[in-house]
Amino acid sequence: MKERRVLVVEDERTIAESVAARLRAEGFLVEIATDGPGAVERFRTGQPDLVVLDVMLPGFDGLEVCRRIQAVRPVPVLMLTARDDETDLLVGLAVGADDYLTKPFSMRELAARVHVLLRRMERAATPAPPAIRLGDIEIYEAERRVRRAGADVHLTPTEFDLLLHLASRPRTVLPRERLLADVWGWADGTGTRTVDSHIKALRRKLGADLIRTVHGVGYALEVPS
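Residue numbers for the sequence shown follow our numbering, so the first one is 4 and each next one is one higher.
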């Protein structure tokens, strides 16, 4: 199996070196960029399999970096942020981030998140059945493509995985904790806001009526009878 490449984008040298050291110990090939323009250039030349990306950067911020690299090639992005603000999280998801960690974080958790994101991408490469059709929504698992009413809808890798998981159990209420375990691979329920943020992104892209909230429990995909 080829070694996976990770690009770490962080302007605080101590944090960047610590993250890189932990990921190298996990068996990854790691490059570091310390500003927005440098991150985009290293992404183009290094062809990483995953990007660990700080929001606050010199040159231009991590949100702009995420926009630019996703326009070049879809890649999993783990965003690092010093602020636990829902608006920031939603903006990050909208430009293509798949997951986030709020500083301070443990290196063990960061490494676990990186492994989960890469495993999801590897599973996505497995041949899949034809399109799933639910009302006017078509989900092409093998191509990781979604259409609604005949128009393509751009989803991030995590948004696609979440939609596919809900679509495989239409009208079934899935608790947030189960979604975290099945889609994100998390063993505890501390990231339920991550689920809520991704659900909001799916509603924005596919329609507010697509996913029903069962307060205090979780979510269910609603499709025409």
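The C-beta atom is built at its ideal place from N, Cα and C for all residues, glycine as well. No experiment lies behind these values; they were computed from the predicted model shown.
The distance from the Cβ of Leu-120 to that of Leu-53 is about 6 Å, consistent with a contact at the 8 Å cut-off. Counting only runs of 3+ residues, the beta strand (DSSP E) found wholly inside the stretch 142-176 occupies 148-151, 154-156, in chain order.
Of the candidates Val-226, Ala-211, Asp-199, Ala-204, Asp-199 places its Cα closest to the Cα of Gly-219.
In terms of Cα proximity to Gln-73, the closest of Ala-170, Pro-51, Glu-225, Leu-169 is Pro-51. The stretch 95-113 makes contact with the stretch 77-86, as at least three CB pairs between them are under 8 Å.
Ranking Lys-5, His-118, Arg-174 by CA distance to the CA of Val-55 puts His-118 first. Rounded to the nearest whole angstrom, the C-alpha separation of Trp-187 and Asp-164 is 9 Å.
Per DSSP, Glu-34 is one residue of the beta strand (DSSP E) stretching across 32-36. The alpha-carbon separation between Met-59 and Ala-223 amounts to approximately 35 Å.
If you keep only unbroken beta strand (DSSP E) runs of at least 3 residues inside the stretch 49-87, you get 53-57, 80-84.
Bridge pairing for Asp-102: Leu-81 [DSSP].
Look at Ala-24 here: in three-state DSSP terms it is helix. Taking 9 Å as the cut-off, the Cβ atoms of Pro-173 and Met-124 do not count as close.
In this structure, DSSP gives Arg-207 a helical state, which the three-state scheme calls helix. In the DSSP assignment, Leu-182 falls within the alpha helix (DSSP H) that extends over 179-182. For Val-217, DSSP records a beta bridge to Gly-221. Taking a C-beta distance under 9 Å as the contact criterion, Glu-13 and Thr-48 do not qualify as a contact pair. The distance from the Cβ of Glu-34 to that of Leu-10 is about 5 Å, consistent with a contact at the 8 Å cut-off. Between Glu-225 and Leu-213 the beta-carbon gap is near 6 Å, inside 8 Å, which marks them as a contact. Val-198 carries a helical assignment under DSSP once its states are collapsed to helix, strand and coil.
In the structure shown, Val-12 falls within a strand segment according to DSSP collapsed to helix, strand and coil.
Cβ atoms of Asp-64 and Gly-41 stay farther apart than 8 Å, at about 13 Å. Residue burial is scored here from C-beta neighbours: Glu-112 has fewer than 16 other C-beta atoms within 10 angstroms and is therefore classed as exposed.
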